[in-house]
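Single-structure report; data block below.
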Amino acid sequence: MSEKQALKIPEAVLDGVRHPSNVVLLTHVYPDGDAIGSMLGLAWILEKLGKRVFCFMEEPVSPHYTFLPGSEKIQSSFDALCRFVQKSDDDIVTIAMDAGDSSRLGRYEDELLGHSHVVVIDHHRSHKNYGDVRWVDPCMSSSGEMVYELASVLECEVPFEASVNLYAAICTDTGSFRYECTSGRTLLIAADLVERGVRPEMMARHLYDNITLPRLNLLQRVLGTLEMYGEGQLAVIHVTADMLEETGATSDDVEGLVDYPRSLDSVKTAVFIKSIRQDTVSVSLRAKGDCDVAVVAEHFGGGGHRNAAGFRFRDKTLDEVKAEVVKELFFQLGLVH
Ligand SMILES: [Mn+2]
């Protein structure tokens, strides 16, 4: 579609993707719809070009995303990945997608980055450079959108299966085309994917209207923890391992709950504190308008986007984390007491 976008993709990235016959695709741990969708979307596009593709994730795909075409392609065996690399005879590239820093690649980070030439595609504002060549554009709504642009510059066909994955990626990272990162171009791309056969209603059903009763019960418990600060500008909710156990919900069911406090009219920033893994308390921040929560996440050693960011603490209690995060948000965002 647009010629302008073509200029933004570094030539070294295009070359890195174009030439090798074997490709390893990586994404970040705790993958969301953009991570999995952009990975599978690119896999289908590259396979159409006759390349052999190995999609690696250290954890199996969450049942929430198994509707995505090709989700069964994703492998969690590091040994199988090593065999694929050995067989490729140096005719290989590794493409890391949607991971804002190399530690987000998980426990095999060093090995994964050492296997071959590494191309990085990412849109996190807090991106910390890694790999050999990279295309990082924080103006892009999603890695899914970047894969679409890459395919159009390389003049690759985007098959139906890739279209479904890229639509899911874009839809997830834009909060269903609601967040600030949604551009006219984003919508044109989504329209083109729909022209290729994606059905928005079906996608919404898979992505949003398919929750289980344990998740609904968990939502009820989590909303019961709501605390408001700064004359309604700051909303905080939390979840504990006990709540998961009592409702029968899984850690996947926690995803997206932060959107509820974010949707309150007075709220500028919503905080979701998760104490569901031993020794780790993780925090998701969501903001509206001018609030830049990536700055706050970076302060705590994490990262993300202007309006969506996260970080984690080790060896701190939920209450300690809550006090520290609320204090920092008051400071950084100039909220009124
Ligand atoms: Mn993303």
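Residues in the sequence shown are numbered from 121 upward in steps of one, following this note's numbering.
Virtual Cβ for every residue (Gly too), placed ideally from N, Cα, C.
Just so it is clear, the structure is predicted and the values come from calculations on it, not from any experiment.
Round the Cβ separation of residue i and residue j to the nearest angstrom and send it over; I've been treating them as touching at under 8 angstroms.
i	j	result
K388	C411	5 angstroms
V133	R254	7 angstroms
Y228	F198	6 angstroms
I156	L270	Not really, about 17 angstroms apart at Cβ, beyond 8 angstroms.
Y460	N427	An answer regarding residue 460 cannot be provided, because it is not within the stretch 121 to 457 covered by the chain.
V378	F392	4 angstroms
A369	L343	Contact doesn't hold; Cβ gap of about 13 angstroms is too wide.
H358	L274	Not really, about 45 angstroms apart at Cβ, beyond 8 angstroms.
V239	I215	5 angstroms
D154	A289	4 angstroms
G430	V403	6 angstroms
I331	T360	With 8 angstroms as the limit, I331 and T360 do not qualify as a contact, their Cβ atoms being about 20 angstroms apart.
From what residue to what residue does the alpha helix (DSSP H) around residue i run?
i	result
S73	For the chain, the structure presents residues 121 to 457; residue 73 sits outside this window and is missing.
K128	Looking at the DSSP string, K128 is not in any alpha helix (DSSP H), and its letter there is neither H nor E.
R203	F198 to K207
H419	V413 to H419
V273	S263 to V273
D230	E229 to G234
Need the endpoints of the beta strand (DSSP E) that residue i sits in, please.
i	result
A216	I212 to M217
T147	N142 to T147
F431	A428 to R434
V240	H237 to D242
V173	R172 to F176
For residue i, does the three-state DSSP call read helix, strand or coil?
i	result
D399	coil
Q340	helix
K447	helix
S223	helix
H184	helix
D293	helix
R138	helix
D410	coil
V133	helix
S283	helix
K442	helix
R254	strand
S191	helix
R335	helix
T437	coil
M121	With a pLDDT of only 48 at M121, under 50, the local geometry of the prediction cannot be trusted, and the value read off the model is given with reservation. M121 falls in the coil class under three-state DSSP.
G454	coil
Compute the minimum distance between the beta carbon of residue i and the heavy atoms of ligand 2, and state whether it is under 7 angstroms.
i	result
D293	Absence of ligand 2 from the depicted structure is noted, with ligand 1 being the only ligands included.
Review point. At a cut of 8 angstroms, does the stretch 293-311 reach the stretch 256-265 through at least three beta carbon pairs?
Key: yes
Do three or more CB pairs link the stretch 402-409 to the stretch 371-383 at distances below 8 angstroms? yes
Which runs of the alpha helix (DSSP H) fall wholly inside the stretch 302-330 and span at least 4 residues, in chain order? 304-315 and 320-327
| request: Assess, as a yes-or-no matter, whether the stretch 266-286 is touched by the stretch 307-327 under the definition of 3 or more beta carbon pairs within less than 8 angstroms. | output: yes
### Task
Any chance you could list the beta strand (DSSP E) runs of at least 3 consecutive residues sitting entirely within the stretch 341-390, in chain order?
347-349 and 354-360
ask   = Counting pairs of Cβ atoms below 8 angstroms between the stretch 346-358 and the stretch 307-316, do you hit three or more?
value = no
Review point. Does the count of Cβ pairs from the stretch 184-193 and the stretch 219-235 closer than 8 angstroms reach three?
Key: no
Count Cβ pairs between the stretch 205-221 and the stretch 141-158 that sit closer than 8 angstroms; are there 3 or more?
yes
Whether or not the stretch 191-202 and the stretch 239-250 are in contact is what I'm after, with contact meaning three or more pairs of Cβ atoms, one per stretch, closer than 8 angstroms; do they touch?
no
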